[in-house]
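Asks:
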Amino acid sequence: MSALWMRQIGAVMRLELKRTAFSKRGWWIYCLAAAPVLISLMHWLMARRLSRNHTVGEDSVVFAAMFVWFFMRGSLFFGTMGLFSNLFRGEMLEKTLHYYFLTPIRRELLVAGKYAAGLAVSLALFIPSVALSFLLLGRHFGPAWTDYLTHGPGLSQLGSYVLVTTLACVGYGAVFLVCGQLTRNPMIAAAVVWVWEGLNPFLPSLLKKVSVVFYLRSLCPVEVPVPPPFSILAVETDPSPFWVAVPGLLTVALILLIYAAVSARQGEISYGE
Amino acid sequence: MSNVITFENVSRFYGEVLGVNRVSLTIPPGVTSLVGPNGSGKTTLMNLMSGLLRPTDGKIEVLGISPGNPERLCKILGYCAQFDAFPKGLTGYRFLYSYLRVHGMSDAECDARTRAALELTGLTGAADRHVAAYSKGMRQRVKLAQAIAHDPQVVVLDEPLNGLDPMARAEAIALFKQWGEQGRYVIVSSHILHEVDRISDQVILLSQGYVVAEGKIQGVRSEVRDQPMQILVRCDRPSVLAARLFQDDHIVEAMIRGDGKNLLLRTKDADSFYLLLNRVILESGLVVESVAPADDDVNSVYQYLIGGEGGTA
Amino acid sequence: MAVYKKTYRPYEGALTGPLARLLVIPRYAFEELHRSRFLSVFFLATFLYPLISALIIYVQHNTSALQLLNVQNARGLISINVTFFLSLLGWQSAMSLFLAAFVGPGQISPDLANNGLSLYLARPFSRVEYVLGKMSVLVILISLMTWIPGLLLFLLQGYLEGWSWMADNVRLASGLFFGSWIWIVLVSLLALALSAWVKWKPAAGALMFVLFFVTSAFAATINAVQRTHWGNLASVSYLVGTIWVQLFEGANKTTNGAVFFRSPIGEEIPLGYCWAGLIALVLMCLYMLARKIRGAEVVR
Chain C
48 MSALWMRQIG
58 AVMRLELKRT
68 AFSKRGWWIY
78 CLAAAPVLIS
88 LMHWLMARRL
98 SRNHTVGEDS
108 VVFAAMFVWF
118 FMRGSLFFGT
128 MGLFSNLFRG
138 EMLEKTLHYY
148 FLTPIRRELL
158 VAGKYAAGLA
168 VSLALFIPSV
178 ALSFLLLGRH
188 FGPAWTDYLT
198 HGPGLSQLGS
208 YVLVTTLACV
218 GYGAVFLVCG
228 QLTRNPMIAA
238 AVVWVWEGLN
248 PFLPSLLKKV
258 SVVFYLRSLC
268 PVEVPVPPPF
278 SILAVETDPS
288 PFWVAVPGLL
298 TVALILLIYA
308 AVSARQGEIS
318 YGE
Chain F
155 MSNVITFENV
165 SRFYGEVLGV
175 NRVSLTIPPG
185 VTSLVGPNGS
195 GKTTLMNLMS
205 GLLRPTDGKI
215 EVLGISPGNP
225 ERLCKILGYC
235 AQFDAFPKGL
245 TGYRFLYSYL
255 RVHGMSDAEC
265 DARTRAALEL
275 TGLTGAADRH
285 VAAYSKGMRQ
295 RVKLAQAIAH
305 DPQVVVLDEP
315 LNGLDPMARA
325 EAIALFKQWG
335 EQGRYVIVSS
345 HILHEVDRIS
355 DQVILLSQGY
365 VVAEGKIQGV
375 RSEVRDQPMQ
385 ILVRCDRPSV
395 LAARLFQDDH
405 IVEAMIRGDG
415 KNLLLRTKDA
425 DSFYLLLNRV
435 ILESGLVVES
445 VAPADDDVNS
455 VYQYLIGGEG
465 GTA
Chain G
2 MAVYKKTYRP
12 YEGALTGPLA
22 RLLVIPRYAF
32 EELHRSRFLS
42 VFFLATFLYP
52 LISALIIYVQ
62 HNTSALQLLN
72 VQNARGLISI
82 NVTFFLSLLG
92 WQSAMSLFLA
102 AFVGPGQISP
112 DLANNGLSLY
122 LARPFSRVEY
132 VLGKMSVLVI
142 LISLMTWIPG
152 LLLFLLQGYL
162 EGWSWMADNV
172 RLASGLFFGS
182 WIWIVLVSLL
192 ALALSAWVKW
202 KPAAGALMFV
212 LFFVTSAFAA
222 TINAVQRTHW
232 GNLASVSYLV
242 GTIWVQLFEG
252 ANKTTNGAVF
262 FRSPIGEEIP
272 LGYCWAGLIA
282 LVLMCLYMLA
292 RKIRGAEVVR
C-alpha cells in the first residue's frame, strides 16, 4: 500500500473521529457501553456491603449470561448499529458526503478509512466496557478473585471476551456499514438482523451458521444455556471451532467491505432530491 | 492530455425524469457561464462534470480525464456545490484543512494552502469560528475557498454569488475573471444575467434539459436570426436617418429615444444596415457619435431563446 | 413618518381558537402519513386484533353461530374477562410502539434541522401548544389503537351480556381507559423527546426500541447479577405492566400483565416505586423537550 494511500486513509479516519467520536450526538451509544460496567460496579459495591453466599464460579456464569444476552444482543449490537450505519447514511442526510467525493481519494480507501474510524471508536468503547465489567464483577471476592484471575481461568476468559468483542465489532461493523450505505432507513435492516440473530438458537444447524452471533458464541469461554421456557425450542448444534470461527467471521466482514467498496465506487450524490 | 472539457451526446435521467438530454459540448479555457431557468439542467451538468453523477448515456472528459476516475479528476477539479451543508463541529480552518489532508498533502502544505484560500476569500478573521456560526455569505465564501484550496485547473461553481453582499460579489467576480485570464476553466452557473454578462467569455444556455445555445454571446446572438437585431445609433439628426432607413425592407422598427439623439432600430439584416448607414453618412453628412448593438447581451439572448425575464438581482 | 409605519400593518383581525390552531399540526401530519403506504397498511393491520376480538365476543353470544361452527362449548375456551382485555391492551400497545417509532421521530427533528421552529413560534403559538400539537398526532393514532377499540369491545360485550355484567366489570373499562392513557402519554412524550434530541430519524426510532427492549434486558441482567428484583425499576415495560394490573384488578391480582408488559409473579416491586419510575421518566422527557424546543439556537 502506497504512502499516499496511508495518508489518505489517515486523513479520513481523523475527520471521522472528529465527527463521530465523543460527540454529543453519540450519548446514547456511550450509555449503552457504560451499562454493563454500571451493573458490575453496582454488584461490586453492593456485594461488599451485604454478605452474599455465591461463588466465583457462579459469578463467571452470570457474567457469561450478561455478556451473551445483554452485552452482545443489546449494548454492542445497537451501539455498532449507531456508529457504523451513520458513517455513510449520516453524511447523506447531512448532505456532506460530496466533500469526500470531490477529493482525489479512491472510494475503496474512503470506505476503509470510515470503517477503520468506526472500528477504532467501537473498540475504544466496548473493549474497556467488557474488560471493566468483567474485572469489577468479582472484585468483592477480594484475594479469591485475584487468584481466579492470575492462577485460574480468569485472564484467559477475559482474553476470550475481548476477542469476541473485537470480532463482534468487526462483524457487526461491516454489516451495518453496508446497511447504512444501501438502505435509506438502516433501522429496518437492523431490525431484521436483530430478529435473525435472536432466532439463532432455535434455527436448524445449517441456518445457524448464516449469522454473526453463532461464531461469536462458539468463542465464548463459558457456555450459556437458553433460559426456560424457550429452552425446549432450542436446537443443539456443535460450536464452531476457533480456527473456523475467527477466519470465517473475518472473511464475512471482508466480503461485506469489498461489497461496500464496490458500491461506493459506483455511488452517486443525489441526497434524495 | 486534452485541453478542453467535452460532453459527447450525454444524457442523464432520474428515473423517468429528464435531467439533461443528448448534450454535446466543448468548453475551452476561460469563464463559461451556464444559464437557464430552474430545472433546466445546470446543476445536473455540473454534477456530471465533477463525477458526483454518472451519465445514463454518452461520454464526458475533463481535460482528457473521465469523471469516473475521481482519483485523477479531483486533483485538477474543484467544485463549489449548491448544498449549503457542512460537517458538524468544524471551524472554517479545520474544514478546509481536513479535506486537503484527504488529498494526501503534507501537514505544512495543507496549512499553507488553507491559509491562502481563507485569505483569498476574506475569511482569515473567521478561520477559528465554527462554520455553523457563519452567516450565509461567509458559508458561501468558505465553500468557494474549499473548491479552490487545492489550486485546481478546472473550477466548477454552482450559483457562487448567492448570498454574497455587493462588495463580496464584486470581489468574487474579479477573482473569476482573473482565473479565466490565467487560463483556468471556470464554469459558473448563475441566474443573475447582468453579472453573467460581466464575467463570461462564453455562455451555455440550457432549457428543459437541452442545450439551446453555446458560444460567445455575440456569436450566439447573431445566430438567432428569427429575432431582428437591435442597434442603438447616437447621431445629430436621428429623424433623417430613420426616414432613410424605412426605405429599406430589413428595417423592422426605429424609435427616437432619450435626449432626441438616440435612434434605437431593429433590423433583420445587420450587415445591410451597416452598409446603408455608411451611405447615409456620405450622402447627408450625418454626424454619428456611436453605433452599438443593443441586444447582444445574455439577458436578450435568454429572452429570445428561452423566453421570460432573466433574474436581475 | 418612517416608511415602515406607512406600509407595515400587523394583522389585527380575529384569530382562530387555540384548539383550531393546535390541530393544524396533526392535520398536515396525517396527510403526510397517509402518503406512506407502509404506515397506512400497518395502521390498518393494527385493527385486526380488535376485529378478531369483536368476532369472538359476537360468536360467544350467538347460539346459532356456535351450533353452526359446532363449538357449543366455546364460552369455556375463551373467557371475556380481565385477561381478554389486558391482552388486547398489551398487544395494541406493543403495535403502537412500532407505530410511534416510525411516526414519532419525524415530528420535531425536521423542524429543528431546518430551522422551522421559529416559523411556528413567530405565530400566536406557544412552545407548549407546539408540543401539544405534535403530541396530538401520536395521541390520536394511539387512542384509535388502544382505548377506543377497547371501550367499544367492552360496550359490545356489555350489550350482549347485559347491564349486570357491565356494572360488575366497570373496573375493566376504567383500566382500559386510564391504562391506555398512561401508555399514550409515556410513548408520545418519549417519541417527541427523542425526536427533539436525535435529529437522524432512524436513530431516534431505533432508540425507542432500545429504550424498551434494552432496558428490559438491562433490568433482567441487574436482577441476575444482583440476585434481586429491583432491577425491574429500569424496565419501562415492567413498570407499565405492573400499573396496568393494578388498574384492572386492584389488590386482588389474578394476572401478571400481558404480551410485552408483564410483572412476573414473585418479582414484584411496590406499586409506588413503579409510579415514581414512570413519573421520573415523564419528567425527564418534559425536561428534554423544554431544553430543545426554543425559538433560536445559538451556535458558538
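These protein sequence lines are chains C, F and G, in that order. Each residue of the first sequence is one higher than the one before, starting from 48 at the first, in the working numbering. Each residue of the second sequence is one higher than the one before, starting from 155 at the first, in the working numbering. Each residue of the third sequence is one higher than the one before, starting from 2 at the first, in the working numbering. Glycine is no exception: its CB is placed at the ideal position from the N, C-alpha and C atoms. As the structure is a computational prediction, the values presented were derived from the model and not from experiment.
Which full runs of the alpha helix (DSSP H) of 4+ residues lie inside the segment 197–251 of chain G, going along the chain?
Replies: Runs of the alpha helix (DSSP H) inside the segment 197–251 of chain G: 202–210, 216–227, 237–250.
Asks: Assign L277/F to one of three DSSP states: helix, strand, or coil.
Replies: Correct three-state label for L277/F: coil.
Asks: When the Cβ atoms of the segment 311–330 of chain F are set against those of the segment 411–422 of chain F, are three or more pairs found closer than 8 angstroms?
Replies: No: the two stretches stay apart, fewer than three of their Cβ pairs being nearer than 8 angstroms.
Asks: Would you say A292/C reaches chain G, if we count a Cβ-Cβ gap shorter than 7 angstroms as a contact?
Replies: No, A292/C does not count as interfacial toward chain G.
Asks: Is DSSP giving Y339/F helix, strand or coil here?
Replies: If DSSP states are grouped into helix, strand and coil, Y339/F belongs with the strands.
Asks: Going along chain G in order, which residues have a C-beta closer than 9 angstroms to the C-beta of M119/C?
Replies: Within chain G, no residue comes near M119/C; the closest Cβ sits about 11 angstroms away, beyond 9 angstroms.
Asks: Report the partner residues of Q384/F according to the DSSP bridge assignment.
Replies: According to DSSP, which records beta bridges pairwise, Q384/F is partnered with R420/F.
Asks: Excluding sequence positions up to five away, which residues of its chain have a Cβ less than 7 angstroms from the Cβ of R72/C?
Replies: Nothing listed; no residue qualifies.
Asks: Under the rule that 16 or more other beta-carbon atoms within 10 Å means buried, what is R154/C, buried or exposed?
Replies: Buried.
Asks: Can you confirm whether G258/G, when its beta carbon is compared against all beta carbons of chain C, has any partner nearer than 7 angstroms?
Replies: No, no contact with chain C.
Asks: Using alpha carbons as the reference points, say which of L207/F, I230/F, R226/F, I181/F lies closest to Q307/F.
Replies: Answer by Cα proximity: I230/F.
Asks: Report the three-state DSSP secondary structure of D194/C (helix, strand or coil).
Replies: Residue state, collapsed to three classes: helix.
Asks: So which residues on chain C does G311/G lean against when the C-beta distance must stay under 7 angstroms?
Replies: Outside the shown range of chain G (2 to 301) lies residue 311/G, about which nothing can therefore be said.
Asks: Please name the residue, chosen from V177/F, E170/F, F167/F, that lies closest to F161/F on a Cα-to-Cα basis.
Replies: Residue V177/F is the option with its Cα nearest to F161/F.
Asks: Please classify A262/F as buried or exposed, where buried requires at least 16 other C-beta atoms within 10 Å of its C-beta.
Replies: Exposed is the call here.
Asks: Tell me which residues of the segment 224–235 of chain G have at least one Cβ-Cβ distance to chain C shorter than 8 angstroms, keeping chain order.
Replies: Going along the segment 224–235 of chain G in chain order, one finds A225, V226, Q227, R228 with a Cβ nearer than 8 angstroms to chain C.
Asks: Would a check of beta-carbon distances place H468/F closer than 7 angstroms to chain C?
Replies: In this structure chain F extends from 155 to 467, so residue 468/F is not present and cannot be described.
Asks: Please confirm if Y339/F has its CB atom under 7 angstroms from at least one CB of chain C.
Replies: No, because no Cβ of chain C sits closer than 7 angstroms to the Cβ of Y339/F.
Asks: Starting from C234/F, follow the beta strand (DSSP E) in both directions and report where the run begins and ends.
Replies: Segment 231–234, the beta strand (DSSP E) holding C234/F.
Asks: Provide the residue(s) that pair with S207/C in DSSP beta bridges, ordered along the chain.
Replies: DSSP output for S207/C lists no bridge partner at all.
Asks: Give every residue of the same chain whose Cβ lies closer than 7 angstroms to the Cβ of S468/F, excluding the five residues on either side of it in the sequence, and list them in chain order.
Replies: Lying before the first or after the last residue shown, residue 468/F is absent from chain F, which here runs from 155 to 467.
Asks: Shorter than 7 angstroms from the beta carbon of A82/C to some beta carbon of chain G?
Replies: Closer than 7 angstroms to some Cβ of chain G, the Cβ of A82/C qualifies, so yes.
Asks: When you compare each of T198/F, V357/F, A271/F, S344/F to L254/F by their alpha carbons, which one comes out closest?
Replies: Closest by alpha carbon: A271/F.
Asks: For the 8 angstroms Cβ check, are there 3 or more pairs between the segment 195–205 of chain G and the segment 132–152 of chain C?
Replies: Judged by Cβ distances under 8 angstroms, the segment 195–205 of chain G makes contact with the segment 132–152 of chain C, as three or more pairs qualify.
Asks: Using a Cβ-Cβ cut-off of 7 angstroms, state whether T102/C counts as contacting chain B.
Replies: Of the protein chains in the structure, C, F and G, none is chain B.
Asks: Count the other CB atoms within 10 Å of the CB of N133/C; is the residue buried (16 or more) or exposed (fewer)?
Replies: By the neighbour-count rule (16 or more Cβ atoms within 10 Å), N133/C is buried.
Asks: Using a Cβ cut-off of 9 angstroms, pull out every chain C residue sitting near W166/G, in sequence order please.
Replies: Under the 9 angstroms cutoff, chain C gives no residues; its nearest Cβ is about 34 angstroms from W166/G.
Asks: For the beta strand (DSSP E) that contains G246/F, what are its first and last residues?
Replies: That residue, G246/F, is in no beta strand (DSSP E); its alpha helix (DSSP H) goes 246–256.
Asks: Chain C beta carbons: is any one of them nearer than 7 angstroms to that of V211/G?
Replies: It does: the Cβ of V211/G has a partner Cβ on chain C nearer than 7 angstroms.
Asks: In whole angstroms, what is the alpha-carbon distance linking L303/C and G363/F?
Replies: Taking the straight line from one Cα to the other gives about 38 angstroms.
Asks: Which runs of the beta strand (DSSP E) at least 3 residues long sit entirely within the segment 141–198 of chain C? Give them in chain order.
Replies: Runs found: none.
Asks: Compare the C-beta of R283/F against all C-beta atoms of chain C and say whether one is closer than 7 angstroms.
Replies: Output row for R283/F: interface = no.
Asks: Taking buried to mean at least 16 other C-beta atoms within 10 Å of its own C-beta, is Y428/F buried or exposed?
Replies: By the 10 Å Cβ count, Y428/F comes out exposed.
Asks: Taking all protein chains shown into account, do 16 or more other C-beta atoms lie within 10 angstroms of the C-beta of K161/C, making it buried, or fewer, making it exposed?
Replies: Counting Cβ neighbours within 10 Å, K161/C comes out buried, since at least 16 surround it.
Asks: Ends of the beta strand (DSSP E) at L188/F?
Replies: Start and end: 184–189.
Asks: State yes or no: is the beta carbon of S289/F nearer than 7 angstroms to at least one beta carbon in chain C?
Replies: Chain C contact via Cβ: absent.
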